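Notes for the one structure printed next.
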Amino acid sequence: MGSRRFDRARIWGTLSLVALTGCAGIGHAPGPAANAAYLATIAERQVSGNTGTVVGRLYLAQPAIPTPLTGWTVTLLPLSPTQESALNQARSPYLDGGREPLSPERFDAARSFLNRLQAAAGGDQHGPSLVRSATTNHVDAGFTFQDVPDGRWILLAELPGKVSTLLWASPITVMATKTTVVILNDSAIWLEGLKPPAE
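Below, the structure written as structure tokens:
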């Protein structure tokens, strides 16, 4: 995260597998009609075979020797323009604070944003779920998503530590018949948040 190095010990102190989460905005849900229309477009592209592939790796590059996060969950969700604007706004307190860890309260608000995004893409009586999950392999922490509809998407991952939690939320563009390559590492972290003090 910038020039600041990770304290690897604090991250690995309580390292445990967590499922990823997703969402649709902090505070009020942004543009529900526009978001629904975007999801419908994505679903249509899926049916028509207008799809591409996403490949990537998940690892910590600092300090010194990269550490692949093998056996970890990565989640892929559609991301409408309205949702992407809300995503950038949700990150602003972290960037404005020089990428210092957010307070537990602000971190919970950001996580709730991601939860709502995943819920919005989770499907209902009007259509199937557009949420996808993959597990990083045990060689280089690589992951692959195939037959992904053309459009804008977001990759999510979460890494809990003893003192803080790291969140990845990386927007990507998928193009039909093409392969999109993504690296989720220290420089791609969406934000970091402190854990509440132990009672």
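With mature numbering (1 follows the signal peptide of the UniProt record, and there is no 0) applied, the sequence shown covers -29 to -1, 1 to 170. From the three backbone atoms N, C-alpha and C, an ideal C-beta is built for every residue, glycine too. Please read these numbers as outputs of a predicted model, since none were measured by experiment.
> In chain order, what residues of the same chain lie with their CB nearer than 8 Å to the CB of residue 143, ignoring the 5 residues before and after it?
Replying inline: Around residue 143, the same chain offers 25, 123, 124, 125, 126, 151, 153 as residues with beta carbons nearer than 8 Å, after the five sequence neighbours per side are excluded.
> Out of curiosity, what's the CA-to-CA distance linking residue 163 and residue 21?
Replying inline: 35 Å
> Under three-state DSSP, which class holds residue 13?
Replying inline: helix
> Leaving out the 5 sequence neighbours to the left and right, which residues in its chain are closer than 7 Å to residue 109 when beta-carbon positions are compared?
Replying inline: Around residue 109: 41, 42.
> Could you give the C-beta distance for residue 171 and residue 91, rounded to a whole number, given that I count them as a contact under 8 Å?
Replying inline: With the chain covering only -29 through 170, there is no way to say anything about residue 171.
> Does the beta-carbon distance from residue 72 to residue 165 come in below 7 Å?
Replying inline: yes
> Per DSSP, residue 105 is paired with what?
Replying inline: 45
> If you drop the 5 nearest sequence neighbours on each side, which residues of the same chain put their C-beta closer than 6 Å to that of residue 130?
Replying inline: Residues 137 of the same chain have their beta carbon placed closer than 6 Å to that of residue 130, with the five preceding and five following residues left out of the count.
> Where residue 19 and residue 3 are concerned, what is the direct C-alpha to C-alpha distance, given to the nearest angstrom?
Replying inline: 24 Å
>> Looking at residue 147: is its Cβ nearer than 7 Å to the Cβ of residue 23?
In response: yes
>> If you reduce the DSSP assignment to three classes, tell me which class residue 53 lands in.
In response: helix
> Where does residue 160 land, buried or exposed, given buried means 16+ other C-beta within 10 angstroms?
Replying inline: buried
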